[in-house]
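Remarks on the structure that follows.
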Amino acid sequence: MIFLKSGRDLEAMRQACAVANTVLDDVCQWVKPGVTTREVDQYAAEIIKSYGAKSAFLGYQKYPCHACLSVNEQVVHGLAGDLVLQYGDLLSIDVGVVLKGFIGDNARTIPIGGCDLENQKLMDVTKSALYEGIAKAVVGNRVVDISTAIQNFVETNNFGVVREFVGHGVGRSMHEEPQVPNYVDGKSSPKLRAGMTLAIEPMVNMGSPEVKVLKDGWTVVTKDGLPSAHFEHTILITESKPEILTCREKMALN
Ligand code: MF3
Ligand code: CO
16 MIFLKSGRDL
26 EAMRQACAVA
36 NTVLDDVCQW
46 VKPGVTTREV
56 DQYAAEIIKS
66 YGAKSAFLGY
76 QKYPCHACLS
86 VNEQVVHGLA
96 GDLVLQYGDL
106 LSIDVGVVLK
116 GFIGDNARTI
126 PIGGCDLENQ
136 KLMDVTKSAL
146 YEGIAKAVVG
156 NRVVDISTAI
166 QNFVETNNFG
176 VVREFVGHGV
186 GRSMHEEPQV
196 PNYVDGKSSP
206 KLRAGMTLAI
216 EPMVNMGSPE
226 VKVLKDGWTV
236 VTKDGLPSAH
246 FEHTILITES
256 KPEILTCREK
266 MALN
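For the sequence shown, the working numbering gives the first residue as 16, with consecutive numbering after it.
Here is the structure:
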């Protein structure tokens, strides 16, 4: 079942997404070499609370942190802990919040302090792949058109796109239908309709696309140990252009 959003529900969805993006921005600005991922998570928790929202991740299938913090070869779902962020690390920050019953979900990879050219390219390609996908999120297309655009862009740039984790519909639940793969999986693919809200989230590896889950049951890492990047927006499909909802500028001033 795909839930189309309109009216009050869409208003709440917009607010949740604006808060999710504001929190992500604030956390990105705050992070610096020398802090631990636990401190980053605590900071995220404070900011989420200050907006009267809740983490959408904490407690989800027993996930133990407020944000997902994944460093270097960690792809997604990294757990906050004693790891001290070093100059040159890549940190993927995924923030999902619940506000007024709706969820906004977004993620971004940033360099800690600075980074080398190859890591910068990895982040640039992942972010651009996200926008290539969003551009295809229009009525008349199918989900697979988003997937195709992302996969083609990533592979043209000789990076590997992760298969095991996918984007998703998002609304009252974090994971609604449809799934939004970042590659062409050959399955039947729903038509896009106005009112659909999708979290599109390519995960891109510098080397092989293969990943595994660590013994902690959560942290996803690249099999080859090379770095990975992750960018995510929650978007709304409209009768015209797609609208990025996880946009700080949309934050209501009241
Ligand atoms: N953005 C991720 C997702 O959509 C965040 C989920 S993390 C979890 O799947 F810990 F809550 F699972
Ligand atoms: Co998501």
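Even for Gly, the Cβ is constructed at its ideal location relative to N, Cα and C.
Asked: Any idea if residue 139 is buried or exposed, counting beta-carbon neighbours within 10 angstroms, 16 or more meaning buried?; Found: exposed
Asked: Check whether the Cβ of residue 56 sits closer than 8 Å to any heavy atom of the ligand MF3, and report yes or no.; Found: no
Asked: Going straight from the alpha carbon of residue 181 to that of residue 85, what length do you get?; Found: 16 Å
Asked: Rounded to whole angstroms, what is the Cα-Cα separation between residue 169 and residue 144?; Found: 6 Å
Asked: Which runs of the beta strand (DSSP E) at least 3 residues long sit entirely within the segment 85–164? Give them in chain order.; Found: 89–91, 105–114, 117–126
Asked: Helix, strand or coil: how does DSSP classify residue 27 here?; Found: helix
Asked: Relative to the alpha-carbon of residue 81, which residue among 211, 44, 147, 112 has its alpha-carbon at the smallest distance?; Found: 112
Asked: Just mark residue 137 as buried or exposed, buried being the case when its beta carbon has 16 or more other beta carbons within 10 Å.; Found: buried
Asked: May I ask you to report which of helix, strand or coil DSSP gives residue 251?; Found: strand
Asked: Considering just the uninterrupted stretch of the beta strand (DSSP E) at residue 215, what are its terminal residues?; Found: 212–215
Asked: Compute the beta-carbon to beta-carbon distance between residue 123 and residue 32, rounded to the nearest angstrom, for a pair I have assumed lies under 8 Å.; Found: That belief does not hold up - the Cβ atoms of residue 123 and residue 32 are roughly 14 Å apart, past 8 Å.
Asked: Look up residue 259 in the DSSP assignment and say whether it is helix, strand or coil.; Found: strand
Asked: Any idea what DSSP makes of residue 236, helix, strand or coil?; Found: strand
Asked: Can you tell me whether residue 81 sits near the ligand CO, meaning its C-beta is under 8 Å from at least one heavy atom of the ligand?; Found: no
Asked: Could you work out which residue in 197, 72, 128 is closest to residue 59 when comparing CA atoms only?; Found: 72
Asked: Does the segment 151–160 come into contact with the segment 196–207, if we say contact requires no fewer than three beta-carbon pairs (one atom in each stretch) closer than 8 Å?; Found: yes
Asked: Assuming residue 96 and residue 53 are in contact, meaning their beta carbons sit under 8 Å apart, how far apart are those beta carbons, in whole angstroms?; Found: 6 Å
Asked: DSSP has residue 244 in a bridge; who is on the other side?; Found: 219
Asked: Do residue 185 and the ligand CO come close, with the Cβ less than 8 Å from some heavy atom?; Found: yes
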